[in-house]
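The opening residue of the sequence shown carries number 191 in the working numbering; numbering runs sequentially from there. Note that beta-carbon positions come from the ideal geometry of N, C-alpha and C, so glycine has one too. Small disclaimer: the values here were computed from a predicted structure and weren't measured.
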Amino acid sequence: MSATSELSIRNDGHLIDIAPSPTTGINQSGRGGEIHTEWLRELTSASRSAAVLNDLVGRTPMLWYLGERAATILRPRSRRADLKALHAVRAVAIGPYHRGDRGLAFDDEAKLPFLRYLQDQCGLDVEQYVAALGAARGCFRDEFADDADAVAADWLRDEEKFVKMLLLDSSFLLVFSLMFGKAGGWGERAAALVVTRERFVLYTAVAQYADEIKLDLLVLENQIPFAVVKLLAASCRGLKLRSVEELMLGCFDCICPTRARGKVDLLLRETTDAKFYHILHLFHWSRVPENKYGVLSVPLKLLEAKEESDQSGWIMPCARELHRAAVWFRKPSLDGAERHGGDLNMEFRSAAASPMAVMTIPSFHILAYTAALLHSMLAFEKHFHWAHGACVTVHVKRMEGLIRCPQDAALLRRRWILGSVKCTDEEVVDFFRDMVLEAAGVPMPEEYGEMIRAVARHRRRRARRWCGDLILHFLPSPWVSVSLAAVVALIIVPAMLQTIYTILGYQK
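Okay, here's the thing in structure tokens:
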């Protein structure tokens, strides 16, 4: 039996001879010749299969622990549409995507004094730092997504331009953080407090654009890898930084939402395993509660069945509907455990023995920069929710459900949930509607469904609806309750005193 024409397979002690047909690989219709199978080698190539698998890992954040991941600095497509003004860079371009913007206060030429400042005041060895950048430029280049913009593509493709961009941008970021961040150790304070003419000029020039620069540093596409900044800090012999992350976060302490209470000075007190892609990732991590709002992997069929069976349960009732169901809105106490989650953590508590329920909502401040900041955080979660959760998305969707009309906004304003007084109630409604459009397409974590199901269970109880109607009609405000309690006290207390004196008189 020929080895080329027959196959021998031993199975349970039997020899089975399989002879292929003489016409195998030949077109049987007679209209063509032999079928060539060279393409089959390409399809079954191990190298091609490995490349495809690596690409799938890169596009699937849940598999990033395998070592491959997608770019972390990108320009979302929505930025080029109607929302472009919310993502515009105002003062400084960091990274390649805004390099061609005009009218910026700090271009590449204006960043040169920041590099010189690190050389003179912080002992930066520029040649050593550039050599380290060149050695790791491949890893840093992978952090940037390819873009259709010709200017950005040129900066990413040209190795010399790419290293120059990282050098100037990281120098600007480190000096800015030394001037406006939180100095933790003696070396940080020494570098930040040494007054020279050069430092005075740089500080004065940056201070007039400080607010705009802080917002620019939180735009998703206006970033460089955070590892570049840490490498620069390590190359400055005169700097003794306890935590580059904490130094950078100190620049944003005055920006709402504020830091989650559990993460205040966490990077100074203990070492964490968190590795941050860029400044926006660091800022997002500091504002969301730990180990909450993670998006779990749910099979599509189970998810569809769950949505069909409980579709109405995923609708957040508005504030007035909850008020009618005896739900009391309040802010978290400053020293309570509920404040631990920060400004983006909402809680709902309903005891079986009580007809009342409590929804704890941190004060939400709508300031001039809030829309742009939330859009950047929502864009980050839209691309990296599998790895870093969807806390901001959940909070925005909850607030949009609570505030569906101006009357809902007025109710929450009276409860001090809305801290802004510059926006009208109609503008607040429009604000959250626009935010939800940016958050479309992000899967909701389990905490979102748990709260809505708890609210639905509370509203189904008849006694709580009666209690809510009683409060709504007869006790519409806390002052009415206080007045009623005062009237009851004025009636009952004198009657009790008169009864006591009468009893004492009989005893005498």
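In terms of Cα proximity to Met-369, the closest of Ser-361, Tyr-393, Met-355 and Arg-306 is Tyr-393. DSSP places Arg-520 in the uninterrupted beta strand (DSSP E) bounded by 517-520. For the pair Thr-262 and Ala-321, the Cα-to-Cα distance works out to about 24 Å. Look at Ile-607 here: in three-state DSSP terms it is coil, with no helix or strand label. Comparing alpha carbon positions, the residue from Cys-446, Glu-435, Arg-514 and Asp-336 closest to Ala-558 is Cys-446.
Beta-bridge partners assigned by DSSP to Ile-263: Phe-334. With contacts defined by Cβ atoms closer than 8 Å, Leu-472 and Leu-410 do not form a contacting pair. Contact fails between the segment 589-605 and the segment 568-576, because fewer than three Cβ pairs, one in each stretch, are under 8 Å apart.
Each residue's CA atom was taken as its position, placing Gly-639 and Ser-673 some 39 Å apart. About 5 Å separates the CB atoms of Leu-363 and Val-419; that is less than 8 Å, so the two are in contact.
Within the DSSP bridge table, the entry for Met-549 names Phe-519 and Phe-538 as partners. Within its own chain, the residues whose Cβ lies closer than 8 Å to the Cβ of Ile-284, once the five positions on either side in sequence are excluded, are Asp-359, Phe-362, Leu-363, Asp-406, Leu-407, Asn-412, Gln-413 and Ile-414, listed in chain order.
Between the alpha carbons of Val-316 and Ser-367 lies a gap of roughly 19 Å. Here Ala-599 is buried, its C-beta having at least 16 other C-beta atoms within 10 Å. With the rule of 3 Cβ pairs closer than 8 Å, the segment 677-687 does not count as touching the segment 538-553.
DSSP places Phe-466 outside both helix and strand once states are collapsed to three, so it counts as coil. Here Gly-452 is not near Glu-435, since their CB atoms are 8 Å or more apart. Secondary structure of Leu-346 (DSSP, three-state): helix. Residue state for Leu-314 is assigned as strand, using DSSP reduced to three classes. Rounded to whole angstroms, Gly-631 and Ala-676 show a C-alpha spacing of 53 Å. Val-584 sits close to Glu-637, with the two beta carbons spaced by under 8 Å. With 16 or more neighbouring CB atoms inside 10 Å of its own CB, Gly-371 falls in the buried class. Annotation note: the segment 380-453 contains the following uninterrupted alpha helix (DSSP H) runs of length 4 or greater, listed N- to C-terminal: 387-397, 400-406, 416-425 and 434-439.
For Ile-551 against Phe-621, the beta-carbon gap comes to about 16 Å, at or over 8 Å, which does not count as contact. Around the C-beta of Val-678, fewer than 16 other C-beta atoms lie within 10 Å, and the residue is accordingly described as exposed. Inclusion of His-578 and His-474 in the CB contact set at 8 Å is warranted, their separation being smaller than that value. Nearest to Ala-629 by alpha-carbon distance, out of Ala-580, Ala-515 and Arg-389, is Ala-580. For Phe-442, the closest alpha carbon among the candidates Ile-403, Cys-426 and Tyr-467 is that of Ile-403. For Val-584, the uninterrupted alpha helix (DSSP H) segment begins and ends at 581-592. The beta carbon of Leu-243 is closer than 7 Å to none in its chain, skipping five residues each way along the sequence. Short of 7 Å from the beta carbon of Phe-554, and not among the five residues preceding or following it, lie these beta carbons of its own chain, in chain order: Met-589, Ile-607, Leu-608 and Gly-609. Taking C-beta atoms as the reference points, Leu-601 and Ala-509 count as a pair closer than 8 Å. Counting only unbroken stretches of 4 or more residues, the alpha helix (DSSP H) elements lying wholly within the segment 276-321 are 302-312, in sequence order. Counting along the chain, no alpha helix (DSSP H) covers Ile-556, and no H or E run does either.
By the neighbour-count criterion, in which a residue is buried when 16 or more other Cβ atoms sit within 10 angstroms of its Cβ, Lys-301 is buried.
Cβ contact annotation for Ser-476 (same chain, cutoff 6 Å, sequence separation greater than five): Leu-439, Arg-449 and Lys-453, in chain order.
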